[in-house]
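Here the protein sequences line up with chains R and W, keeping their order. Just add 43 to the spot in the first sequence (first one is 1) and you have our numbering. Just add 43 to the spot in the second sequence (first one is 1) and you have our numbering.
Number of protein chains: 2
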Amino acid sequence: MKACKPNHNGAMKLATYKDGSRDGQLVVVSRDLATAHFATGIASRLQQVLDDWNFLSPQLQDLSVTLNQGKARHAFEFVPEMCASPLPRAYQWADGSAYLNHVELVRASRKADMPSHFREDPMMYQGGSDDFLGPCDDAPFASADWGIDFESEVTVVTGDVANGATPEQALEGIRLVMLANDWSLRHLVPAELAKGFGFFQCKPATAFSPVAVTPDELGDAWQGGRVHLTMESTWNGVKVGQCEAGPEMNFHFGQLIAHVCKTRRVRAGSIIGSGTVSNKDWSRGYSCIAEKRCIETIEGGEPKTPYMQFGDTIRIEMNGRDGHSVFGAIVQKVVPARRRA
Amino acid sequence: MKACKPNHNGAMKLATYKDGSRDGQLVVVSRDLATAHFATGIASRLQQVLDDWNFLSPQLQDLSVTLNQGKARHAFEFVPEMCASPLPRAYQWADGSAYLNHVELVRASRKADMPSHFREDPMMYQGGSDDFLGPCDDAPFASADWGIDFESEVTVVTGDVANGATPEQALEGIRLVMLANDWSLRHLVPAELAKGFGFFQCKPATAFSPVAVTPDELGDAWQGGRVHLTMESTWNGVKVGQCEAGPEMNFHFGQLIAHVCKTRRVRAGSIIGSGTVSNKDWSRGYSCIAEKRCIETIEGGEPKTPYMQFGDTIRIEMNGRDGHSVFGAIVQKVVPARRRA
């Protein structure tokens, strides 16, 4: 017999435990993030589930229900530090810039207007997806002079979406929601953009939240292809951002996916990002340091806040309406990359 | 007992047969492309081999030797039309623009100089890798007004390469060599570049050659991280390009991989592209229509050659010094994408 809660009939949380392999081991995590259970016997890797969602996800959900009822026989304590990214590597990571306030701030700080078509056509870049950082992994950089910055983002993982899909059709293809820390090296950006080929070296490996959740798991907080919750960013123990992720997301995830689908299909396991969460109300703080520096430049002519240094920490988290962490926290420390011969 | 030919002790050709699954079925192909053998019992998917190269590749090589000796018991006729891309999907597809003649032509046609740092720092963009076209698959586009163009390129597939690797270290990480048709939608380029985030919609699904070969398989033609053979491009049955891929590749593949590794690791199964093969000697023809149009613009003030239309075909191939096809041919037809509701 299948147990279902009303409005949550597709609700579940998934994570990937590190086990020394490239893709890790799939676990189902309880709603309160207290316990977990290996998905052994159903699927070993998350990509496998995304490849065959209709067959495998109901089985994972049954396990999720049992786990949430406290009846799973081999449940164990869930330890986020054991996690890789839910997808330790992926076939696609395409990141948007859907909060136009962020784009406006960046442009205003260099006295550039916002072209009107930026309101109709999302900005997106193709990110590297062969190597993601776990949610609690150190973030290694060869130089602290590169302008090391975090970016707190919401992301979705898709199933297959057809070439030419509409935003509404694309919404149907969303399987999971996660948070991301889209590490950015700000001082490498200008030279790369001047070359015209887009971001590359300035976008090193991205980290994702310990847990990926189905849209149903978000309940009413998932509306219109947006997550209506608060993104909390805590830098060196100081809460620097409490930005609303919902209302000011100018392009919803269906629109972002449809943008990708204009000239090609999107295949299962693709990760699509919102870009830095940003609000017009500056008192809500910031989800990346670059934005703080833009505000300082607009207000005082120059940036004052330095970028991250070795030893700095960043914590990115989102609480549900019940006050509990939905995805678990991304907690990372900036460290020097090991030197090579 | 392991049979080895001198200078070819790591030589083999691999392909992926379509079998209805997302990753297809790995086959070993004979040097003359006449016969093939399933790699069953060794590995079912190419990514698996790249993930565990040192253990699995010697076993595939043993099979390759047996196949080339005509002694493989279950060999069958190799049919390129049965092939998916050697990697039907990949964790990374990063494409360079290593033939600076191509960059110079494009810039000269719009009367722009070539910045000197373009000679020291490779241009690269991150491509989509969740969905590749097979070598003989039709290429579907929703509109023939998008400026449909082929791009004949050389690509390599890597193993793991460390963060901060030098070009020489990166060369050691090259596992396989393939050809690519990097489909481009030229009329979508200007608007995307103006947004500053790089190529996206203008780069739909890429196609790769039927066969991927080890550098050893290329023998003397693999030198200095470059393939010293001729790239043949045949458009609607007319040979439009016979460009030398070796001497004018300004950045070799080790340099391109090291560019990616400046701020992150590169993980097994990453595909790195050369960009359009291009020669200073215009009589050698062209490896993409855009270049022909640039030459026409420089010579006569405006482009004359139209981009591809529905029904057009493109064939991309490279012969070894023995006159035989090394990778098999990419043979594709441009077709209208099926309409969607």
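Where is the CB? At the ideal position from N, CA and C, for every residue including glycine. Owing to the predicted nature of the structure, the values given are computational and were not obtained by experimental measurement.
For residue j and residue i, the rounded distance between their alpha carbons
| i | j | result |
| --- | --- | --- |
| Asp225 of chain R | Gln375 of chain R | 12 Å |
| Cys245 of chain R | Ala137 of chain R | 15 Å |
| Gly363 of chain W | Val220 of chain W | 13 Å |
| Ala388 of chain W | Gln169 of chain R | The structure shown does not extend to residue 388 of chain W, since chain W is modelled only from 44 to 384, so the question has no answer here. |
| Leu236 of chain R | Val204 of chain W | 25 Å |
| Ala264 of chain R | Arg218 of chain R | 16 Å |
| Val149 of chain R | Ile315 of chain R | 22 Å |
| Arg269 of chain R | Ser252 of chain R | 17 Å |
| Asp164 of chain W | Trp96 of chain R | 43 Å |
| Val200 of chain R | Gln298 of chain R | 14 Å |
| Leu81 of chain W | Gly177 of chain R | A small correction: the amino acid at residue 81 of chain W is Phe; Leu does not occupy that position in the sequence shown. Cα to Cα, Phe81 of chain W sits roughly 36 Å from Gly177 of chain R. |
| Arg162 of chain W | Cys337 of chain W | 20 Å |
| Ala115 of chain R | Leu99 of chain R | 18 Å |
| Thr27 of chain R | Ala54 of chain R | Summary: the structure shown does not reach residue 27 of chain R, with chain R confined to residues 44 through 384, and so no result is reported for it. |
| Lys335 of chain R | Trp325 of chain R | 9 Å |
| Val197 of chain R | Arg327 of chain W | 49 Å |
| Ala372 of chain W | Ser140 of chain W | 22 Å |
| Glu124 of chain W | Cys179 of chain W | 6 Å |
| Glu211 of chain W | Pro247 of chain R | 21 Å |
| Gly113 of chain R | Ile85 of chain R | 19 Å |
| Phe184 of chain R | Val281 of chain W | 50 Å |
| Ile359 of chain W | Pro129 of chain W | 16 Å |
| Arg153 of chain W | Trp189 of chain W | 20 Å |
| Val70 of chain W | Gly262 of chain W | 21 Å |
| Ala127 of chain W | Met157 of chain W | 38 Å |
| Val146 of chain W | Gly366 of chain R | 54 Å |
| Val92 of chain R | Ser64 of chain W | 14 Å |
| Phe308 of chain W | Asp355 of chain R | For the record, residue 308 of chain W in the displayed sequence is Arg; it is not Phe. Distance between the alpha carbons of Arg308 of chain W and Asp355 of chain R: 22 Å. |
| Gly289 of chain R | Arg74 of chain R | 22 Å |
Whole-angstrom C-beta distance between residue j and residue i, which should lie under 8 Å
| i | j | result |
| --- | --- | --- |
| Arg132 of chain W | Ser172 of chain W | 6 Å |
| Asn206 of chain R | Ala380 of chain W | 6 Å |
| Ala301 of chain W | Thr209 of chain W | 6 Å |
| Met167 of chain W | Val320 of chain W | Contact doesn't hold; Cβ gap of about 16 Å is too wide. |
| Gln90 of chain R | Asp66 of chain R | 7 Å |
| Ser368 of chain R | Leu106 of chain R | About 21 Å separates the two Cβ atoms, so there is no contact after all. |
| Gly239 of chain R | Gly216 of chain R | The Cβ separation is near 31 Å, so there is no contact. |
Short Cβ contact (8 Å threshold) for residue i with residue j
| i | j | result |
| --- | --- | --- |
| Tyr350 of chain R | Gly284 of chain R | no |
| Gln68 of chain R | Thr78 of chain R | no |
| Phe296 of chain W | Leu214 of chain W | yes |
| Val122 of chain R | Val254 of chain R | no |
| Pro353 of chain W | Met361 of chain W | Here residue 353 of chain W is Phe; the residue named in the question, Pro, does not match the sequence. Contact flag unset, no. |
| Phe193 of chain R | Cys286 of chain R | no |
| Lys56 of chain R | Glu260 of chain R | yes |
| Val378 of chain R | Asp174 of chain R | no |
| Tyr142 of chain W | Tyr134 of chain R | no |
| Val241 of chain W | Phe119 of chain R | Inspection of the sequence shows that residue 241 of chain W is occupied by Gly rather than by Val. Contact flag unset, no. |
| Ala151 of chain W | Ile341 of chain W | yes |
| Asp278 of chain W | Ile357 of chain W | Here residue 278 of chain W is Trp; the residue named in the question, Asp, does not match the sequence. For Trp278 of chain W and Ile357 of chain W, yes; Cβs fall inside 8 Å. |
Residue i, buried or exposed, once every other Cβ within 10 Å from all chains shown has been counted against 16
| i | result |
| --- | --- |
| Ser317 of chain W | buried |
| Met44 of chain R | Because Met44 of chain R sits at a pLDDT of 38, beneath the cut-off of 50, its placement in the model cannot be relied upon, and the following sentence gives the value as read from the coordinates. Per the 10 Å Cβ criterion, exposed. |
| Met292 of chain R | buried |
| Asn24 of chain W | With chain W covering only 44 through 384, there is no way to say anything about residue 24 of chain W. |
| Thr273 of chain W | buried |
| Asn322 of chain W | buried |
| Asn111 of chain R | buried |
| Gln266 of chain W | exposed |
| Thr306 of chain W | buried |
| Val108 of chain R | buried |
| Ala333 of chain W | buried |
| Asp62 of chain W | exposed |
| Asp94 of chain W | buried |
| Ala234 of chain R | exposed |
| Ser159 of chain R | exposed |
Residue ranges of each alpha helix (DSSP H) within the stretch 158–229 of chain W, 4 or longer: 210–214
Complete alpha helix (DSSP H) runs within the stretch 93–128 of chain W (minimum length 4 residues, chain order): 96–111
In chain order, each beta strand (DSSP E) run of at least 3 residues that lies wholly inside the stretch 297–338 of chain R: 313–316
Sequence ranges, beta strand (DSSP E) only - wholly within the stretch 263–299 of chain R, length at least 3: 273–278, 281–287
Runs of beta strand (DSSP E) wholly within the stretch 53–96 of chain W (minimum 3 residues, chain order): 56–60, 68–72, 78–81
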